[in-house]
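J.:
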Amino acid sequence: MTARSVMQQADITRALTRISHEILESNRGASDLVLLGIPTRGVILARRIAAILDSIEPGSGTVGALDVTMYRDDLSRNLVRTPAPTEIPAGGLDGKTVVLVDDVLYSGRTIRSALDAINDIGRPRIVRLATLVDRGHRELPIRADFVGKNLPTSTSERINVRLLETDGVDEVAIA
Amino acid sequence: MTSILIRGAALPSGEATDILVADGIVTEVGSGISSAASSVIEASGLTILPGLVDLHTHLREPGFEQSETVLTGSRAAAIGGYTAVFPMANTSPVSDTAGVVEQVMSLGDAHGYVTVRPIGAVTVGLAGQQLSEIGAMAASRAKVRVFSDDGICVSDPLLMRRALEYVKTFDGVIAQHSQDPRLTEGAQMNEGVLSGELGLAGWPAVAEESIIARDVLLAEHVGARLHVCHVSTAGSVDVIRWAKARGIQVTAEVTPHHLLLTEELVRDYDSRFKVNPPLRRNEDVLALRAALADGTIDIVATDHAPHPLESKQCAWDEAANGMVGLESALSVVQASVVDTGLMSFADVARTMSTSPAEIGRLAGYDVPFAVGSSANFVLYDPSVSREFATDQLRGKSLNSPYLGFTLPGRVVATIHNGRPTVLDGELLAPEEVARG
Amino acid sequence: MIHLLSTKDLSRDEAVQILDVAEDMADVATREVKKLPALRGKTVVNLFFEDSTRTRISFEAAAKRLSADVISVSAKGSSVSKGESLKDTAQTLAAIGADAVVIRHSSSGAPRVLANSGWIDAAVVNAGDGTHEHPTQALLDAFTMRKRIHGAASRGKDLDGIAVTIVGDVLHSRVARSNAWLLTTLGATVTFVAPATLLPVGIGEWPVETSYDLDEAIDAGPDVIMMLRIQSERMHAAFFPTAREYSREWGLDDERLSRLPAASLVMHPGPMNRGLEISANAADSPRSTVLEQVANGVSIRMAVLYLVLSGGAK
Chain A
132 MTARSVMQQA DITRALTRIS HEILESNRGA SDLVLLGIPT RGVILARRIA
182 AILDSIEPGS GTVGALDVTM YRDDLSRNLV RTPAPTEIPA GGLDGKTVVL
232 VDDVLYSGRT IRSALDAIND IGRPRIVRLA TLVDRGHREL PIRADFVGKN
282 LPTSTSERIN VRLLETDGVD EVAIA
Chain B
2 MTSILIRGAA LPSGEATDIL VADGIVTEVG SGISSAASSV IEASGLTILP
52 GLVDLHTHLR EPGFEQSETV LTGSRAAAIG GYTAVFPMAN TSPVSDTAGV
102 VEQVMSLGDA HGYVTVRPIG AVTVGLAGQQ LSEIGAMAAS RAKVRVFSDD
152 GICVSDPLLM RRALEYVKTF DGVIAQHSQD PRLTEGAQMN EGVLSGELGL
202 AGWPAVAEES IIARDVLLAE HVGARLHVCH VSTAGSVDVI RWAKARGIQV
252 TAEVTPHHLL LTEELVRDYD SRFKVNPPLR RNEDVLALRA ALADGTIDIV
302 ATDHAPHPLE SKQCAWDEAA NGMVGLESAL SVVQASVVDT GLMSFADVAR
352 TMSTSPAEIG RLAGYDVPFA VGSSANFVLY DPSVSREFAT DQLRGKSLNS
402 PYLGFTLPGR VVATIHNGRP TVLDGELLAP EEVARG
Chain C
69 MIHLLSTKDL SRDEAVQILD VAEDMADVAT REVKKLPALR GKTVVNLFFE
119 DSTRTRISFE AAAKRLSADV ISVSAKGSSV SKGESLKDTA QTLAAIGADA
169 VVIRHSSSGA PRVLANSGWI DAAVVNAGDG THEHPTQALL DAFTMRKRIH
219 GAASRGKDLD GIAVTIVGDV LHSRVARSNA WLLTTLGATV TFVAPATLLP
269 VGIGEWPVET SYDLDEAIDA GPDVIMMLRI QSERMHAAFF PTAREYSREW
319 GLDDERLSRL PAASLVMHPG PMNRGLEISA NAADSPRSTV LEQVANGVSI
369 RMAVLYLVLS GGAK
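If you want it as structure tokens, here you go:
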């Protein structure tokens, strides 16, 4: 099955830039903003968004990582996963506006796990979700607040997100 | 009375022959026997051996009937090709009086599968303190000639000296379980690299060898016979070889399991492989095979040791020592020393029948194929090969180390004092064999 | 990982994976809600045929922090002490649906017998069997070493090039055995120091160095020195003549402590005989890892329980 490229580097950069502005707009500024990327690629995207936020309003790009392996609902059924580190920024999450960042939003179960994880760590004032790609087929009532690109897909298709830092190139492809 | 014509069996020497058995004895031997007989066994392709004699077995009755009885043990023996067994004295009550040994012998005779010649304890209650009434046991109907505290070593050197001297009076022999108790307190398996890794207390070879060395020198000094039970180490073989070269009257036995199995089987802590003396190294197995072949070790004896399931289905430390072995003995001997080219079936006949009978002073086994001799035979098919399973066991207990192993050979028929106990590979029913 | 019965069975990658997962588990202990839902709905049974308060509490804490249901069975006062067999106890646990059984037993090999028996379907974790192995102890020791040496950059690392000296009753020590296999798998060099009576026959075949001389071993400047507990019963079986002689020859006293390199770690699996194999100063010095070994024990045991209980259906 040949892969069809739907986003290239320039598309991704524009999307992230737009998302960064949308975040600032909806938050009415950069105060109490914490970006939490979901490993692996969500963390990379979160760091890029943080860099963009910093360039607009210096000091606004507080970023961390939130590993949700221990909160998944399918632990008994699939291969054992080794968790990645969770790094919560020094100010914690209490009272903050937390923006979860992931590369692909699909069934919504990963985000549900992330909400459980956040619950055990602290009590944000608001939690929002930014995703590079929304491919539909939600199994839970979860929606993204900031979306890079809507990509309607069939369940037999796969979305491959590749990023420079991990895969050597920026590309979103459907296979 | 019954007469049986065995046709076309291969003698241990290899040549085929017919044998006519009537009224319990051999009446004709040769090819092409034409005399009539009430039954005929077609034995071409089968090897005929003299009835096997086990000088070391545990029948557990009286006292431990949950593991085995004289009846079930006799049946296990018969299916293994045995026509005589010498049960050890560690029963309850201990076989240390004429009364107990006569009782055990009578049970064997009544059941009829094998000739049972009980072994008498060396010391009262196996306590290692006071000699038991050896004279009374020797004079009893059981005519005990072999005395042993097996399970326990007669470790007190003075007591062992006295025992060796005293049994001379009655043409007896002390069969020693060679195990220095102080060197083997809490021992669980052979002491070596593996025991260190597995965290199991070790049973060092020197604990066996040092007792044998002491005992052969004592036997030499007092001019007595000594029999060494279940030799398990290469070092023990060296000591016995040295003793025999000096003319010391020592005989020795090895179990089938020590001819085939090594301590590697202990790795998974499966207590079917827990036995005393323990399974040792491959070097020991090879030395024992060579010793049996060259006569340093005189006989094979099974040390058949039945135990109930609950004594084996537990942690290693808690498990009982012992393996059943009557049913599998001939197959294991074939696999370990015959099929490997070290010994012939003539050697098997010597080490599993003639010599054990001689050591135990059991009459009637010296010239098995001669006219006029008691008819005790086993017909054996060495050509088959099958996976050993619980359906081949006939005793009461299932603690065999060979379950799942592929072993050669099959006993087709066993004849005890002229009467069949096994035909077509299956035991005859107790009612048919019993002598009332 | 289906069972954890011994460190001898672990490959380098499996061992590093356990240590890395334990890093994340350690983080949980710093949060306000010290819990993860990973083992919610699973039943972990602590089956302790041998008394051990510390290890049992550690496993209990580990299971509870992963939200598992915990049942602790200890030998005293239970039907186990009345002679109920390993088999019967195991079958009772199977009937109540145990997903994992953490077993400590005085017989070497009991966890292996349990795992191979077919009496239960649960994952088996060895919490110490006779003188054979104590895998989670070795894992927490390795984790402690790694953390002290590599700090925040521990993830993914092994113990390549680290010199570990273990002193004491190796013959009767399951901790020594588990550490010997695990530490060498992780790339460390292990040296045993003890009188000849306390070294197992055949130790020449093990992947370790041996020495009878503690002073010489200390002057070699090990990165880690681990002291094993000496039991006085060994004196009666003539393994060594007196406690005083043992302490003089193989005890980590203040003089030897001062000759140890400043960065060396002093470890002890506990419980300690202060004044016998280890001086009070050595036990309480900043180089001693004894307290953090306890905390790390919970993280390691959380990692082990997570790894045996998650993963596809068998």
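Residue numbers (the numbering used here), protein chains in the order written: chain A, 132 to 306; chain B, 2 to 437; chain C, 69 to 382. In this text, a Cβ means the ideal position worked out from N, Cα and C, and glycines have one as well. Predicted model, so just to flag it, every value in this text is computed and none were measured.
Mind pulling the beta strand (DSSP E) runs of 3 or more residues that sit fully within the stretch 224-284 of chain C?
T.: If we require 3 residues or more, the beta strand (DSSP E) runs fully inside the stretch 224-284 of chain C come out as 231-235, 257-261, 277-279.
J.: Does the distance from the C-beta atom of Asn191/B to that of Arg273/B stay below 8 Å?
T.: No; because the gap between Cβ atoms is not below 8 Å, this pair is not in contact.
J.: If you follow the beta strand (DSSP E) that Val174/B is in, where does it begin and where does it stop?
T.: Element bounds for Val174/B: 174-177.
J.: Restricting to runs no shorter than 3 residues, where is the beta strand (DSSP E) found entirely within the stretch 17-61 of chain B?
T.: The stretch 17-61 of chain B contains these whole beta strand (DSSP E) runs: 17-23, 26-31, 40-43, 48-51, 53-58.
J.: Would you say Val232/A and Ile305/A are within 8 Å of each other, going by their C-beta atoms?
T.: Not a contact, by the Cβ cut-off of 8 Å.
J.: What in chain C is Cβ-close to Gly197/B, meaning under 7 Å?
T.: Pro268, Val269, Gly270, Ile271, listed in chain order.
J.: Interface residues of chain C around Glu209/B at Cβ under 9 Å?
T.: The contacting residues do not exist; Glu209/B stays about 15 Å from chain C at best.
J.: Kindly list the residues whose CB is nearer than 7 Å to the CB of Glu166/B, restricted to its own chain and excluding five residues on each side of it in sequence; keep chain order.
T.: Taken in chain order, the residues that qualify are Val223, Ala225.
J.: Could you give the DSSP three-state label for Pro409/B: helix, strand or coil?
T.: Pro409/B: strand per DSSP, three-state reduction.
J.: Tell me, please, whether the CB atom of Ala99/C is closer than 8 Å to any CB atom in chain A?
T.: Sequence inspection shows Arg at residue 99/C; the Ala mentioned does not correspond to that position. By this cut-off, Arg99/C is an interface position.
J.: His258/B: which of Ala321/B, Leu327/B, Asp318/B, Val30/B sits nearest, CA to CA?
T.: Here the closest residue by C-alpha is Leu327/B.
J.: Apart from the five residues on each side of it in sequence, which residues of its chain come closer than 8 Å, Cβ to Cβ, to Lys280/A?
T.: Contacts found: Val137, Met138, Asp142, Ala146, Leu263, Val264, Asp265, Val303.
J.: Helix or strand or just coil, what does DSSP make of Glu270/A?
T.: Glu270/A falls in the coil class under three-state DSSP.
J.: Counting along the chain, where does the beta strand (DSSP E) carrying Leu72/B start and finish?
T.: Note, Leu72/B: premise wrong, no beta strand (DSSP E); alpha helix (DSSP H) at 71-80.
J.: Can you name the residues of chain D whose CB is closer than 7 Å to the CB of Ala316/B?
T.: Although the question refers to chain D, the structure presented lacks it and instead comprises the protein chains A, B and C.
J.: Quick check: the Cα distance between His228/B and Asp321/C, rounded to an integer number of angstroms?
T.: When rounded, the distance between both Cα atoms is 55 Å.
J.: Quick one, which residues of the stretch 100-112 of chain C are near chain A if we go by CB-CB under 7 Å, in chain order?
T.: Cβ contacts with chain A: Val101, Lys103, Leu104, Pro105, Ala106.
J.: Ala83/C and Leu250/C: beta carbons closer than 8 Å?
T.: For Ala83/C and Leu250/C, yes; Cβs fall inside 8 Å.
J.: Just checking my contact of Val71/B with Pro357/B at CB under 8 Å: how many whole Å lie between their CB atoms?
T.: Rounded, the Cβ-Cβ distance is 19 Å, inconsistent with contact.
J.: Between Leu87/C and chain A, is there a C-beta pair that is closer than 8 Å?
T.: No, Leu87/C does not count as interfacial toward chain A.
J.: Three or more C-beta pairs closer than 8 Å, one from the stretch 355-375 of chain C and one from the stretch 202-209 of chain C: is that the case here?
T.: With the cut-off at 8 Å, the stretch 355-375 of chain C and the stretch 202-209 of chain C touch.
J.: Where do the ends of the alpha helix (DSSP H) carrying Lys280/A lie?
T.: Run containing Lys280/A: none in the alpha helix (DSSP H); it sits in the beta strand (DSSP E), 277-281.
J.: Give a yes or no on whether the minimum CB-CB distance between Thr217/A and chain C is below 8 Å.
T.: Chain C, which has a Cβ nearer than 8 Å to the Cβ of Thr217/A, makes this yes.
J.: With DSSP collapsed to three states, give me the class of Leu428/B.
T.: Here Leu428/B sits in strand by DSSP.
J.: By how many angstroms is the C-alpha of Thr415/B removed from the C-alpha of Pro421/B?
T.: Cα to Cα, the separation comes out at about 6 Å.
J.: 8 Å is my cut-off, CB to CB: does Glu264/B come that close to chain C?
T.: Not closer than 8 Å to any Cβ of chain C, the Cβ of Glu264/B fails to qualify, so no.
J.: Taking 7 Å as the limit between beta carbons, can you name the residues of its chain near Val41/B, skipping five residues before and five after?
T.: If we look at Val41/B and ignore the five residues flanking it on each side, its Cβ neighbours are Leu6, Arg8.
J.: Flag this pair as yes or no: are the beta carbons of Leu155/A and Ile187/A separated by less than 8 Å?
T.: Contact flag set, yes.
J.: Are any of the Cβ atoms in chain C nearer than 8 Å to that of Val240/B?
T.: For Val240/B, the answer is no, since every Cβ of chain C falls outside 8 Å of its Cβ.
J.: Is it the case that the stretch 214-226 of chain C contacts the stretch 158-171 of chain C, given that we only count it when at least three CB pairs across the two stretches are under 8 Å?
T.: Result no; under three Cβ-Cβ pairs closer than 8 Å.
J.: Taking only beta-carbon positions, decide if Ser378/C is within less than 8 Å of chain A.
T.: At least one chain A Cβ lies under 8 Å of Ser378/C.
J.: Considering only residues of the same chain and omitting the five flanking positions on each side of Phe389/B, which have a CB-CB separation below 8 Å?
T.: Within the same chain, Phe389/B has close Cβ partners Ser329, Ser332, Ser401, Tyr403, Leu404, Gly405, Phe406, Thr407, Leu408.
J.: Give the range of the beta strand (DSSP E) segment to which Ile257/A is assigned.
T.: Counting along the chain, the beta strand (DSSP E) containing Ile257/A begins and ends at 257-265.
J.: I believe Ala79/B touches Val115/B by the beta-carbon criterion, under 8 Å. Please report the beta-carbon distance rounded to the nearest angstrom.
T.: At roughly 6 Å, the Cβ-Cβ gap stays under 8 Å, so Ala79/B and Val115/B are in contact.
J.: When the Cα atoms are used, what is the spatial distance from Ile125/C to Tyr202/A?
T.: Spanning the two alpha carbons is a distance of roughly 24 Å.
J.: Residue ranges of each beta strand (DSSP E) run of no fewer than 3 residues wholly in the stretch 251-311 of chain B, ordered along the chain?
T.: 251-255, all fully within the stretch 251-311 of chain B.
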